[in-house]
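**Q** Chains as they are written, first to last, in this note's numbering: chain X, 45 to 391; chain F, 45 to 391. Before anything else, here's the structure in question.
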DNA sequence: TAGGTCATGAGGCACGTACCTCATGAGCAG
DNA sequence: CTGCTCATGAGGTACGTGCCTCATGACCTA
């Protein structure tokens, strides 16, 4: 008598009863099978809405009797961030398997649209339900994404989006906001103004363009005392970036700060440490990787903005799981937050 | 013939076969039921390890035929952060329900150990599998946590830990690191040194003590030019904090910064804005709530350190789900990161 | 030896959904 | 009317695990 009364969750049986149709018909509607008149389908839909039916994900996956098959396609090469993204995928693989998600990872040459497109073209719905890709903005990739969607392979974009395609979801940070944040910190670090150099990877990369735009806009709006130098392109390369920074330090003895919005941070740290001026110059970089960690610890880098690869992978997996439920539902993901790291809150 | 070969996931049947025992025995071992000799249990454990069996969470919850029952106990009162924590719980309720987790939230008077203990005592394993509490460090609470654990109600602590008890997991940030981070930012904001006032809620709260310790240590180690004023206790109250800040501003025309490591931020912002010196003083506060958001936007606050209530709730739910599997497994959660927010990366 | 306890096995039903086959009846064209 | 298509219903099995009952045989104790 002390029982707590619990509302039983609605099941497909309840839907059938409420709609006045059979279980088989409800099943046909729920799983998009043919052979149901529009009028009947609507009755079912109305019943679902009326009683608030939610399909039981666990039971659904169990009954399907097969794991969800996901393929991550991640750029290869020297880019440490992409490596950490791949690591984050591996780290989640076991947990994902326990939730019936079978993960496969492929690395393709960075900035090689043809390779990415070929990799996408090789996927068929028989062995891949969903592809998660780091997209580069090239026509071949756009075509491959749409083709995969038509074949029945859902596509989600990670880190770098591909708007205007059939991709179901984008998972990544707001890079304009990241640039603004960098400016806001740099401005406060230099209360008496000064010169700040900006280094980018490439001005053909959407995320780098966004960061630069945000950085510039926020500096102009709030910190008139700061003069911007650059941007200089380092092509995300260690040695090239090292040369650029070394040159900057030599030519600008009064340099107040450096914002590296691309990769190549190993070179940045090396040049700073070699100059003996590490610590006297405020430095902001992107992505928490081995070189930036080292830089934070040594004091060469003050702040690292990070897009939390682990969180992105978690969000991607959660979204993929939802995707498995229905074909026509809108999938949303928790927004990815920009991580801000100093030496003192290194995880 | 084009089939991709998939390793079938191991099931309890496979474990039984590998161990040379019956399904019933495997079940007894897995679910901690009595009536199995130690030697037999070990054979089963060995088989599980050997074939890498992982219990299917979905099927397990389905077979249990009942939802996981979770009770959040969250302090009530004027504390905006606790309100946002409760909001985060509500926001996840639907999603949780779809994963067979039934959430109940209770609010108890803040800093009232007896009330929290009573609330815990009222829980019995029949209608609550797991309690998630914001613990305060009082003997009555400690006793209640251990009693609940003995009764079969698992307890997890949120935001504020209760070490030395039977609590299964703590979910929250590293408050010493948070204090260090605040110091590290403040030090860089004031490159020529200055005076920084510290306001705490209460020096009897573990998290406040930790933040203060971290702040102090990092200032002393790295920023000798900064003089610390306080800490002054504002008891997390709006009006008291407002009075304190107003007084500080009046008496210290040269004040360089304020670090409020407790709540009462509405008062902080009001006093700063009333003084007309907002923007000239570097201000760091905790928790992204309505008043701190306002402060960031108006420029009264420079940086807010946040412990990401939504992420904490997500982690708690994930951990609870794992907890449902076995009684004697070690549950781990993803670490909660300290969020750092400026006006420019407000979410 | 009789009676008891205890470890283990065998088997079945249940959870909610997916997916299959087969039957039935309505509607329609010729 | 005959023969066809098509919407729908009825009912089954399966997924992997939890939980229940009952049977069996080993071992101990009086």
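Here a beta-carbon is modelled for each residue, glycine too, at the ideal position from N, C-alpha and C.
Say whether the region 300 to 310 of chain X touches the region 328 to 345 of chain X, bearing in mind that this needs 3 or more beta-carbon pairs closer than 8 Å, one atom from each stretch.
**A** Segments in contact, yes.
**Q** Starting from the C-beta of residue 266 of chain X, find all residues in its chain whose C-beta is less than 8 Å away, skip the five residues before and the five after it, and write them out in chain order.
**A** 227, 228, 231
**Q** I'd like the span of the alpha helix (DSSP H) that includes residue 148 of chain X, first residue to last.
**A** Taken as a continuous stretch (DSSP letters only), residue 148 of chain X belongs to no alpha helix (DSSP H), being part of the beta strand (DSSP E) at 145 to 153.
**Q** Measuring alpha carbon to alpha carbon, tell me which residue in X:365, X:377, X:120 is nearest residue 356 of chain X.
**A** The shortest Cα separation from residue 356 of chain X among X:365, X:377, X:120 belongs to X:377.
**Q** Please report the straight-line C-alpha distance between residue 53 of chain F and residue 196 of chain F, rounded to a whole angstrom.
**A** 31 Å
**Q** Where does residue 160 of chain F land, buried or exposed, given buried means 16+ other C-beta within 10 angstroms?
**A** Residue 160 of chain F sits buried, since 16 or more C-beta atoms from the chains shown fall within 10 Å of its C-beta.
**Q** Listed in chain order, which residues of the region 94 to 124 of chain F have Cβ atoms closer than 7 Å to some Cβ of chain X?
**A** 98, 101, 102, 103, 105, 106
**Q** Is there at least one non-hydrogen atom of the ligand FAD closer than 6 Å to the beta-carbon of residue 133 of chain F?
**A** The model depicted lacks the ligand FAD and carries no ligand whatsoever.
**Q** With burial defined as no fewer than 16 other Cβ atoms inside 10 Å of the residue's Cβ, what is the status of residue 90 of chain X: buried or exposed?
**A** exposed
**Q** Do you know offhand how far residue 384 of chain X's Cα is from residue 174 of chain F's?
**A** 33 Å
**Q** Measuring CB to CB, does residue 248 of chain X end up less than 7 Å from residue 305 of chain X?
**A** no
**Q** Buried or exposed for residue 86 of chain F, please, with buried defined as at least 16 other CB atoms from any protein chain shown within 10 angstroms of its CB.
**A** Label assigned to residue 86 of chain F: exposed.
**Q** Between residue 321 of chain F and the rest of its own chain, which residues show a CB-CB distance below 7 Å, the 5 nearest in sequence each way excluded?
**A** 293
**Q** Residue 186 of chain X and residue 201 of chain X: beta carbons closer than 7 Å?
**A** no
**Q** So, are the CB atoms of residue 224 of chain F and residue 262 of chain F less than 7 Å apart?
**A** Yes, they are a contact pair.
**Q** Using only the alpha-carbon positions, how far apart do residue 286 of chain X and residue 303 of chain X sit?
**A** Each residue's Cα considered, the two are about 14 Å apart.
**Q** Which residue's Cα is closest to the Cα of residue 128 of chain F: F:379, F:350, F:367?
**A** F:350
**Q** Using a C-beta cutoff of 7 Å, does residue 340 of chain X count as contacting chain F?
**A** No, residue 340 of chain X does not count as interfacial toward chain F.
**Q** Taking CB distances under 7 Å as the criterion, tell me whether residue 361 of chain X reaches chain F.
**A** no
**Q** Under a three-way DSSP split, which group does residue 216 of chain X fall into?
**A** coil
**Q** Among residues of its own chain, excluding the 5 on either side of residue 255 of chain X, which ones have a beta-carbon nearer than 6 Å to its beta-carbon?
**A** 219, 222, 223, 305
**Q** To the nearest angstrom, how far is it from the Cα of residue 101 of chain X to the Cα of residue 55 of chain F?
**A** 20 Å
**Q** Along the alpha helix (DSSP H) that carries residue 67 of chain X, what are the first and last residues, could you check?
**A** 67 to 74
**Q** Using the Cβ count rule (16 or more neighbours within 10 Å means buried), how would you classify residue 204 of chain F?
**A** buried
**Q** If I'm right that residue 150 of chain F touches residue 112 of chain F with Cβ under 8 Å, what's the distance once you round it to whole angstroms?
**A** Contact flag wrong, Cβ pair sits at about 17 Å.
**Q** In angstroms, rounded to a whole number, what distance separates the CA positions of residue 61 of chain X and residue 73 of chain X?
**A** 14 Å
**Q** Give the residues of chain X in contact with residue 233 of chain F, contact being defined as C-beta atoms less than 8 Å apart.
**A** 232, 233, 235
**Q** For chain F, is any of its Cβ atoms less than 7 Å away from the one on residue 54 of chain X?
**A** no
**Q** I'd like to know if residue 225 of chain F contacts chain X, where contact means its C-beta is closer than 7 Å to some C-beta of that chain.
**A** The Cβ of residue 225 of chain F sits closer than 7 Å to at least one Cβ of chain X.
**Q** DSSP puts residue 326 of chain F in a beta bridge; with which residues?
**A** F:301
**Q** List the residues of chain F that residue 383 of chain X touches, going by C-beta distances under 7 Å, in chain order.
**A** Ordered by position in chain F, the residues that pass the 7 Å Cβ test against residue 383 of chain X are 381.
**Q** Name the residue from X:291, X:379, X:178 whose alpha carbon lies nearest to the alpha carbon of residue 318 of chain X.
**A** X:291
**Q** Which chain F residues are close to residue 364 of chain X, counting only those with a beta carbon under 7 Å from its beta carbon?
**A** Here the premise fails: no neighbours, minimum Cβ distance about 15 Å.
**Q** Any idea what DSSP makes of residue 190 of chain X, helix, strand or coil?
**A** helix
**Q** Does residue 389 of chain F get closer than 7 Å to chain X when you measure Cβ to Cβ?
**A** Yes - at least one Cβ of chain X is within 7 Å of the one on residue 389 of chain F.
**Q** If you draw a straight line from the C-alpha of residue 359 of chain X to the C-alpha of residue 215 of chain X, how long is it?
**A** 7 Å
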